[in-house]
Amino acid sequence: MLIGDLARKSGLSVDTLRYYEKIGLLPKPLRDGGGRRIYDASVLRWIDFLGRLKATGMGIKARLRYADLRGKGAASLAERREMLEDHRCFVLAEIARLAETLDVLDDKIDLYRRMEAGEPVDPSFESCARTKHGAATS
0 MLIGDLARKS
10 GLSVDTLRYY
20 EKIGLLPKPL
30 RDGGGRRIYD
40 ASVLRWIDFL
50 GRLKATGMGI
60 KARLRYADLR
70 GKGAASLAER
80 REMLEDHRCF
90 VLAEIARLAE
100 TLDVLDDKID
110 LYRRMEAGEP
120 VDPSFESCAR
130 TKHGAATS
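One point on numbering: in numbering that gives the first Met the number 0, the residue at position 138 of the sequence shown is 137, and numbering is uninterrupted.
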């Protein structure tokens, strides 16, 4: 597929695809007789995976390192697995942090619903709700 097709299917701009190729996140594609980039359909799975790594907080340097290791094939399997295991731990910690934040939001929403319904509420709770760990929130 041509770069425009890849852009439409991946949701990335042509400029982003060219940039990713330039810095090494995407492998160099084949070129047709006119010099146009020809991409294999498998690059869509790679772009999707890169997007998931980015969305879960993996920085560009780590994604570049992973892409470099991927290019080395089977010789880098252990190192790639270790990178993903480390990143998985980071993602799990982030999920736990977000779950705690969600609990605080749920408590605040419940408080406002009770206040709107005219229920008596401890005024100090409105100004400073506490998380499970005692950290103040507003």
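Glycine included, C-beta positions come from ideal geometry on N, C-alpha and C.
Take the Cβ of ILE59 as the centre, count every other Cβ of all protein chains shown within 10 Å, and call the residue buried at 16 or more, exposed below.
exposed
Check whether the Cβ atoms of ARG44 and LYS53 lie closer than 8 Å to each other.
no
Let me make sure I understand the geometry here. Which of GLY33, GLY72 and TYR65 has the alpha-carbon closest to that of GLU81?
TYR65
Since GLU93 is in the alpha helix (DSSP H), which residue starts that stretch and which ends it?
76-115
Which residues in the same chain as ALA68 place their Cβ atom closer than 8 Å to its Cβ, once the five residues preceding and following it in sequence are excluded?
In the sequence as displayed, the identity of residue 68 is Leu instead of Ala. Once the five neighbours on either side are set aside, the close Cβ partners of LEU68 are SER75, GLU78, ARG79 and MET82.
Specify, as a first and last residue, the run of the alpha helix (DSSP H) that ASP121 falls within.
It is not in any alpha helix (DSSP H) - ASP121 carries neither H nor E in the DSSP assignment.
Using the Cβ count rule (16 or more neighbours within 10 Å means buried), how would you classify MET57?
buried
Counting only the same chain and skipping the five closest in sequence on each side, list residues whose C-beta sits under 7 Å from that of LEU11.
ILE46
So, at 7 Å on beta carbons, what are the nonlocal neighbours of LYS27 in its own chain, with the 5 sequence-adjacent residues on each side left out?
GLU20
Considering Cα atoms alone, identify which of ASP85, ILE37 and ILE22 is closest to LEU29.
ILE37
Does the distance from the C-beta atom of ILE22 to that of VAL13 stay below 8 Å?
no
What are the boundary residues of the alpha helix (DSSP H) that includes SER12?
Here SER12 belongs to no alpha helix (DSSP H), and DSSP marks it neither H nor E.
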